[in-house]
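Asker: Chains as they are written, first to last, in our numbering: chain R, 20 to 303; chain X, 5 to 262; chain D, 420 to 821; chain V, 50 to 285; chain Z, -15 to 339.
All C-beta atoms, glycine included, are put in the ideal place defined by N, C-alpha and C.
Structure below; questions to follow.
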Ligand SMILES: Nc1ncnc2c1ncn2[C@@H]1O[C@H](COP(=O)(O)OP(=O)(O)OP(=O)(O)O)[C@@H](O)[C@H]1O
Ligand SMILES: Nc1ncnc2c1ncn2[C@@H]1O[C@H](COP(=O)(O)OP(=O)(O)OP(=O)(O)O)[C@@H](O)[C@H]1O
Ligand SMILES: [Mg+2]
Ligand SMILES: [Mg+2]
């Protein structure tokens, strides 16, 4: 077995994991909302790209851009309808509100799409690098992830909106008193998180088949990644995703595949215990 | 026998030396006033004494035992109580329940029933009795301060650390609180009191310790402190300047009022 | 029965109760199954129901609830079906776990239950007396694929078995493992993957390293199609790939080229030529519509090609129908006895049940077919490739050699 | 014309009503103080003026315009700014970021550098600790930051709730001096103070709030001599 | 305080203490809220089994089944409430105790032919031990990090059990039908035993959560919920209290797992450690009112009834999930404090009665 092949495969999927987690940790870090509809929104992203491709005949990458824009709007609407009223209530309320949104999306989605698997039959071929056979779609996804992370980082740390987002998350009332439109900022943050989740879903759809329930897996992985990389930090999410991808890719080299989740989640708990601020030591 | 001895304590936050080599002895029954400019390290000293922070150097000897490294709850059980400068009410519990927590888990380890009785007594004492069934979160700042006080009193401490309990009270209320503090002292509780309200802390303290940039710069009776030039410069401000300032203001307002 | 009863030309409605996974992971399979059942109901009622010798005319209706693909409430719902909705016969939920739980209710209240989609053999080894299996059990799901391999390529000797780590797939894989070993194959890899797996790349790396002639296994639809696509994209290089559940589904074709050459076990296929002539050869009775008739009727009603889950649902109904007719009664004991004695050929294939105490209700008559996706010009078509007597096309071997 | 006018304002929390029709008014460039016992409703009044607590009755007029229904951030945008009780800092952000957030209103943007310079001169400690997280500051340092942040938004009317709370005496003097200076520059100020003596000394006009209503008001120099004020609030 | 003489005679002290304790216990045990809840749960549970004639038993079978589900939820949710409602720690993965209990119980029943009660004890003990071991590790974490750790643990446990051969690995464990007949006469009788066990557990859960809440220990937990550091400073020992609370909240779910999977006769990793179910428990607590005694009970009752209606209604069953989601959202948005919270706030006399 060629260890290198395991490593490369893990690395590439890690980029996608990273971007899938980014939306979750953004919303969490910024708004202190654990978004249980994250998985469902990832699924919506997948279906968005699928429908654009299968029904409208659009190129999947164009589909992803559209999905991103739709995601931003959808997120803001979800925030306004389902979350704004309880954003100041105890944090369990927002948790349950997003859980309800999750039920609604999955419920309607199942009734409409069934749990049939869909596939975006699209390929950019693959390149051979030594012993490793790499799909180009995955390379594109990796590059895209890096670009998205970069822009998000810039947005959060270099623009005034980014700082507003952090201020609002830190102290809503004070932000309001300082002239920051907190409701809009919160909606924007949620919209961004949703956009990222949608984009992640769209990218995944370019190389994996999926069903209406597929998002759940990524949601749980996103929790793990959030912890690895530190919550609320986009770069952390990307690196956390890569670490997780590599771990999942490389572990089967050493052990039976069915044991991988045992180690994966065991390690996750261990990291939580010894480095709760994340491997990267993000802000407390 | 001293009830508390702080010996050569130093505490650093990153590059900032918050306390350096602080030493002070507190005999039982005394009120020690702790003053100093903002950021001098007063609250940090409290945090070191009750185990929230572990000092890099030095010893804290409480009732004859070195308590460095002990958890805050151990110190609470040993008879140490404190209030917080930035109040920390247990918001979703009632005022009475807040005080009962202090009573139940403090030095006396009381049962719930006893704690409830003590709570009512203490609430009476700090004039919060009529708020006993209200949620602590709905109190205003002044009331929360008194709640902090009640909570730590209910633990029946031997040593009580008061962190700016007078802040936010108006002069009349300050006078009442000073009475309360004096009353506590008569019951064999030693007090260390951080305060910026000078006239009040001067009135009740037996000794005063002044910190500046983490270092003790003066120790003595209130009158000694009040006249210590170092203290005046670092902390009190030029009193003649203050008077002049006041007069000037008064004149000015008189003039504009015409 | 007393003759007094015969004079009344009474009509009775027989209620068939079941739960369906309208939400949750088994939604697809379960929905098809309901479609099949509904087609059967429509046909039998359209034909005037069943008339018993005492003159009673039986009409049929269904009653069903959503079990959310979860054991949590399945017993509650079956109890409701039996005690409140007055279900006379039951059909199982989809999947063995749910069926095990609901079978207790059938057994407790003395109602016959036909299972569809509950393939694990263990369900029929639990001492139930009223539970009958429509499908070929898990232990024989993939054994035919080994036979196919042996027949097509006598030189093949290395098999990799990779399966979803759940009850059904593990049962299948374990049975497959011992079967292949008995035939002298070397099992070069035997591993499970977690149910949520989406990225099979590390797994495929492992398979490649093991260098098998055939990759057998899989699990359910989602992971199966993902696995197939990645095997194709990574050019894994085995000569034969046979996966559970996913390949026979018509939507597997969405994978495009990745579907080509993939073999899958199927309980039934529209292409299968099963009719009365076949029954004569076997010397047993042929019952119900022919394969073509069923397919045509289904396509007319649902405007899609029936999958084997749809046929399975229909078949469960048909077995109830046949048993009632044979028993000339709707009484549980009579119907159960009729089922015990049943040995018929239908469009779905042969059907008879084990009647021993240890395996009561286990399907012994039916056997699997194996399909393979092949290219027909630009189209992908699903061909039956095994057993050879039912085959509609030659096996493409090695995969990609077309 | 009054720059800020509060007419018959009533509000409260849940079932409890705290304010029962408070009326006050401030001229441009005036320094007004608001005093009252613990729990009188001073903080509630300020919050209601800002719209953080919703008014139940009455109205708030700013520069001749009824702003009762504007949300807090819009009020800040037009120059009505509150330094809230309990500091309400962005504890996870640095001092400098806190100050930047203070300058969120558009009107403050252009003067950002000048204002920053100014508050750093007023509070050199803040400049020294530019990059320290606000949550780890000492109580008094936090108070300085809260006031500085309020000034960063370039207010027209600045309301400060308990400004001298927790500040060392020397700093309190310093701050009052600064406020006077700001007032001379044309800023309108409303101070809620427990340090009643100082507040009355420094302000032009004062209101005494008691049980949610204005009990007494007048020129500060007159109120200093009022017997009721002396006994109830000055401890004399 | 001023009147508290230090010169009071020791006998007086003793007498006072006794009197205090007596007063507390009478006051505690005479709280109407406790009795209303216990009687309510008992009536709820007793009605479907009151009449044991065959016809009635048949007619009530559905009610028995759905009541079983409700009782089960009451136990699970009341237990979780000790951790969540009193201590303020959100355990997403609380189902791990239910699943582990179920596995241990079924294992002892199948391998050692243990009777149900003994298996329940084993399941409860296993859950308690797991909580002790895990709790000592992960209770050092706060807030969301703790919540995440519980997810991790549940997933790790699920994956582990899927590979653990004594527990049947991915195939799980399954009970032969004969076991019910041989031990209890028939499955019906076995079910009745399970039903009564569940009713007993439900009442036990209510009493337990009441006793915890009205005890000094409970006061400490609530102090931790409000401000862990401040309560530490006041003398509450957070770490130890949290571990005990975690264990208390784990034991009954462990026992419930045994009963449920014994009833289903089969257990598989995916069903035993289903994260989604854990979240439903949180929903029930929030619906009823978090940190209260009655809240979880009402929440469980309301939620499960609602689910039954949606699952079985002709009109909704296709989109029951979406409808349930909508209703949940409505409730969260408009009565965020839960039913009990809402009642206590809006109807003042209920404040004395509801707890
Ligand atoms: N956790 C921390 N991290 C970094 N710096 C800290 C931390 N806690 C306190 N400091 C700094 O240490 C110094 C001493 O703080 P401390 O709270 O003891 O001051 P203080 O004397 O109580 O002042 P005040 O009168 O304003 O309350 C301050 O400059 C403060 O900024
Ligand atoms: N969030 C709240 N919920 C319920 N009641 C509150 C709340 N905040 C304040 N109160 C109550 O409102 C009353 C007035 O409080 P407010 O803070 O306005 O007084 P204040 O005059 O500012 O007092 P202080 O001098 O102590 O700051 C108090 O009795 C207080 O208990
Ligand atoms: Mg301090
Ligand atoms: Mg106030």
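Do you know whose CA, among R:174, R:198, R:180, R:139, lies nearest residue 198 (chain V)'s CA?
Answerer: Working through the fourth chain from its first residue, we reach residue 198 (chain V) at position 149. If we check each option's Cα against that of residue 198 (chain V), R:198 comes out closest.
Asker: Cβ of residue 108 (chain R) less than 7 Å from any chain V Cβ?
Answerer: Position 89 of the first chain holds residue 108 (chain R). No, residue 108 (chain R) lies away from the interface with chain V (no Cβ there is under 7 Å from its Cβ).
Asker: Measuring CB atoms only, is the region 624 to 635 of chain D touching the region 572 to 583 of chain D, in the sense that at least three cross pairs come out at less than 8 Å?
Answerer: yes
Asker: With a cut-off of 8 Å on the beta carbons, I'd call residue 456 (chain D) and residue 510 (chain D) a contact; round off their distance for me.
Answerer: Here the question's residue 456 (chain D) lines up with position 37 in the third chain. Here the question's residue 510 (chain D) lines up with position 91 in the third chain. Indeed they touch by this definition, with Cβ atoms about 7 Å apart.
Asker: Determine, for residue 218 (chain V), whether the minimum Cβ-Cβ distance to residues of chain X falls below 7 Å.
Answerer: In the fourth chain, the residue the question calls residue 218 (chain V) occupies position 169. Yes, because at least one Cβ of chain X sits closer than 7 Å to the Cβ of residue 218 (chain V).
Asker: Taking CB distances under 7 Å as the criterion, tell me whether residue 127 (chain Z) reaches chain X.
Answerer: Here residue 127 (chain Z) refers to the residue found at position 143 of the fifth chain. Not an interface residue.
Asker: Counting only C-beta atoms, is residue 286 (chain Z) closer than 7 Å to chain D at any point?
Answerer: Position 302 of the fifth chain, counting from 1, holds the residue named residue 286 (chain Z). For residue 286 (chain Z), the answer is no, since every Cβ of chain D falls outside 7 Å of its Cβ.
Asker: If you measure from each residue's Cβ to the nearest non-hydrogen atom of ligand 1, which ones come out under 5 Å, in chain order?
Answerer: X:17, X:22, X:42, X:43, X:44, X:45, X:46, X:47, X:48, V:185, V:186, V:187, V:188, V:189
Asker: Would you check if the distance between the CB atom of residue 59 (chain X) and the CB atom of residue 14 (chain X) is smaller than 7 Å?
Answerer: In the second chain, residue 59 (chain X) corresponds to position 55, counting from 1. In the second chain, residue 14 (chain X) corresponds to position 10, counting from 1. In this structure, residue 14 (chain X) lies closer than 7 Å to residue 59 (chain X) by Cβ.
Asker: At a cut-off of 6 Å, would you count residue 89 (chain X) as near ligand 3, judging by its Cβ distance to the nearest heavy atom?
Answerer: Counting from one through the second chain, the residue named residue 89 (chain X) turns up at place 85. Yes, since a heavy atom of ligand 3 falls inside the 6 Å radius drawn around the Cβ of residue 89 (chain X).
Asker: Taking Cβ-Cβ distances below 8 Å as the criterion, which residues of the region 187 to 209 of chain V are in contact with chain R?
Answerer: Within the region 187 to 209 of chain V, the qualifying residues are 198, 202.
Asker: To the nearest angstrom, how far is the alpha carbon of residue 148 (chain R) from that of residue 27 (chain R)?
Answerer: Numbered from its first residue, the first chain carries residue 148 (chain R) at position 129. Numbered from its first residue, the first chain carries residue 27 (chain R) at position 8. Between residue 148 (chain R) and residue 27 (chain R), the C-alpha separation is close to 10 Å.
Asker: With a cut-off of 8 Å on the beta carbons, I'd call residue 117 (chain R) and residue 56 (chain R) a contact; round off their distance for me.
Answerer: Stepping through the first chain from its first residue, residue 117 (chain R) is reached at position 98. Stepping through the first chain from its first residue, residue 56 (chain R) is reached at position 37. Going by Cβ atoms, the distance from residue 117 (chain R) to residue 56 (chain R) rounds to 5 Å, so yes, they are a contact pair.
Asker: Considering just the uninterrupted stretch of the beta strand (DSSP E) at residue 220 (chain X), what are its terminal residues?
Answerer: Numbered from its first residue, the second chain carries residue 220 (chain X) at position 216. Note, residue 220 (chain X): beta strand (DSSP E), 219 to 224.
Asker: List, in order along the chain, the chain D residues whose C-beta lies closer than 8 Å to that of residue 179 (chain Z)?
Answerer: Here residue 179 (chain Z) refers to the residue found at position 195 of the fifth chain. Per Cβ cutoff of 8 Å: no residues; residue 179 (chain Z) is ~12 Å from chain D at best.
Asker: Strictly below 8 Å CB to CB, what residues from chain X border residue 214 (chain Z)?
Answerer: Along the fifth chain, one-based indexing puts residue 214 (chain Z) at 230. Identification of chain X residues near residue 214 (chain Z) by a Cβ-Cβ cut-off of 8 Å yields 88, 92, 94, ordered along the chain.
Asker: For residue 426 (chain D), which of helix, strand or coil comes out of DSSP?
Answerer: Here residue 426 (chain D) is taken as the residue at index 7 of the third chain, counted from 1. Caution applies to residue 426 (chain D), whose pLDDT of 47 falls short of 50 and renders its modelled position unreliable; the value that the coordinates give is listed next. Under the three-state reduction of DSSP output, residue 426 (chain D) falls in the helix class.
Asker: So, at 6 Å on beta carbons, what are the nonlocal neighbours of residue 221 (chain V) in its own chain, with the 5 sequence-adjacent residues on each side left out?
Answerer: The residue labelled residue 221 (chain V) in the question sits at position 172 within the fourth chain. The beta carbon of residue 221 (chain V) lies closer than 6 Å to those of 213 in the same chain, with the five residues before and after it left out.
Asker: Roughly how many whole angstroms lie between the Cα atoms of residue 83 (chain X) and residue 618 (chain D)?
Answerer: Mapped onto the second chain, residue 83 (chain X) falls at position 79. Mapped onto the third chain, residue 618 (chain D) falls at position 199. So the alpha carbons of these two residues sit roughly 59 Å apart.
Asker: Could you confirm whether any beta carbon from chain Z is found closer than 7 Å to the beta carbon of residue 77 (chain X)?
Answerer: Stepping through the second chain from its first residue, residue 77 (chain X) is reached at position 73. For residue 77 (chain X), the answer is yes, since a Cβ of chain Z falls inside 7 Å of its Cβ.
Asker: According to DSSP, simplified to helix, strand and coil, what is residue 132 (chain X)?
Answerer: Here residue 132 (chain X) corresponds to residue number 128 of the second chain, with the count starting at 1. In the structure shown, residue 132 (chain X) sits in coil (DSSP, three-state: anything other than H, G, I, E or B).
Asker: Would you check if the distance between the CB atom of residue 195 (chain Z) and the CB atom of residue 229 (chain Z) is smaller than 7 Å?
Answerer: One-based indexing of the fifth chain puts residue 195 (chain Z) at position 211. One-based indexing of the fifth chain puts residue 229 (chain Z) at position 245. No.
Asker: Return the Cβ separation of residue 88 (chain V) and residue 58 (chain V) in integer angstroms, given the expectation that the two are a contact with Cβ distance under 8 Å.
Answerer: Start at 1 with the first residue of the fourth chain, and residue 88 (chain V) comes out as number 39. Start at 1 with the first residue of the fourth chain, and residue 58 (chain V) comes out as number 9. Contact flag wrong, Cβ pair sits at about 17 Å.
Asker: Would you mind sorting residue 101 (chain Z) into buried or exposed? The rule is 16 or more other CB atoms within 10 Å of its CB.
Answerer: As a working mapping, residue 101 (chain Z) is identified with position 117 in the fifth chain. Classification for residue 101 (chain Z): exposed.
Asker: DSSP three-state label for residue 72 (chain V), please.
Answerer: Counted from its first residue, the fourth chain places residue 72 (chain V) at position 23. Of the three classes helix, strand and coil, the one that applies to residue 72 (chain V) here is strand, per DSSP.
Asker: If you measure between the beta carbons of residue 170 (chain X) and residue 153 (chain X), is that distance less than 7 Å?
Answerer: Here residue 170 (chain X) refers to the residue found at position 166 of the second chain. Here residue 153 (chain X) refers to the residue found at position 149 of the second chain. No, the pair does not count as a contact, with Cβ atoms beyond the cut-off.
Asker: At a Cβ cut of 7 Å, what residues of the region 197 to 229 of chain Z count as close to chain R, listed as they run along the chain?
Answerer: none
Asker: When you compare only the Cα positions, how much space is there between residue 208 (chain X) and residue 186 (chain X)?
Answerer: As a first step, residue 208 (chain X) is located in the second chain; it is residue number 204 there, counting from the start. As a first step, residue 186 (chain X) is located in the second chain; it is residue number 182 there, counting from the start. The straight-line gap from Cα to Cα measures roughly 7 Å.
Asker: Can you check whether the CB of residue 97 (chain R) is closer than 7 Å to the CB of residue 216 (chain R)?
Answerer: The sequence position of residue 216 (chain R) within the first chain is 197, counting from 1. The sequence position of residue 97 (chain R) within the first chain is 78, counting from 1. It is not a contact, given that the beta carbons lie outside the stated cut-off.
Asker: For ligand 4, which residues have a Cβ under 7 Å from at least one heavy atom, in chain order?
Answerer: X:144, X:145, V:91, V:92, V:134, V:210, V:211, V:241
Asker: What I want to know is whether the C-beta of residue 8 (chain Z) ends up closer than 6 Å to one or more non-hydrogen atoms of ligand 2.
Answerer: Numbered from its first residue, the fifth chain carries residue 8 (chain Z) at position 24. Residue 8 (chain Z) Cβ: outside cutoff for every heavy atom of ligand 2.
Asker: Between the Cα of residue 76 (chain V) and those of V:253, V:277, V:262, spot the shortest distance and give me the residue it belongs to.
Answerer: By 1-based counting over the fourth chain, the position of residue 76 (chain V) is 27. Ranked by Cα distance from residue 76 (chain V), the options V:253, V:277, V:262 are led by V:253.
Asker: Does the distance between the C-beta of residue 89 (chain V) and the nearest non-hydrogen atom of ligand 2 fall short of 6 Å?
Answerer: Residue mapping note: residue 89 (chain V) aligns to position 40 of the fourth chain, counting from 1. Under cutoff, so the answer is yes.
Asker: Report the neighbours of residue 799 (chain D) on chain R: residues whose CB is nearer than 9 Å to its CB, in chain order.
Answerer: To locate residue 799 (chain D), count along the third chain from 1; it is residue 380. Residues of chain R passing the Cβ test: none, with the nearest at roughly 11 Å.
Asker: Kindly examine ligand 2 and report whether one of its heavy atoms sits closer than 6 Å to the Cβ of residue 142 (chain X).
Answerer: Numbered from its first residue, the second chain carries residue 142 (chain X) at position 138. Because some heavy atom of ligand 2 lies under 6 Å away, the Cβ of residue 142 (chain X) counts as near it: yes.
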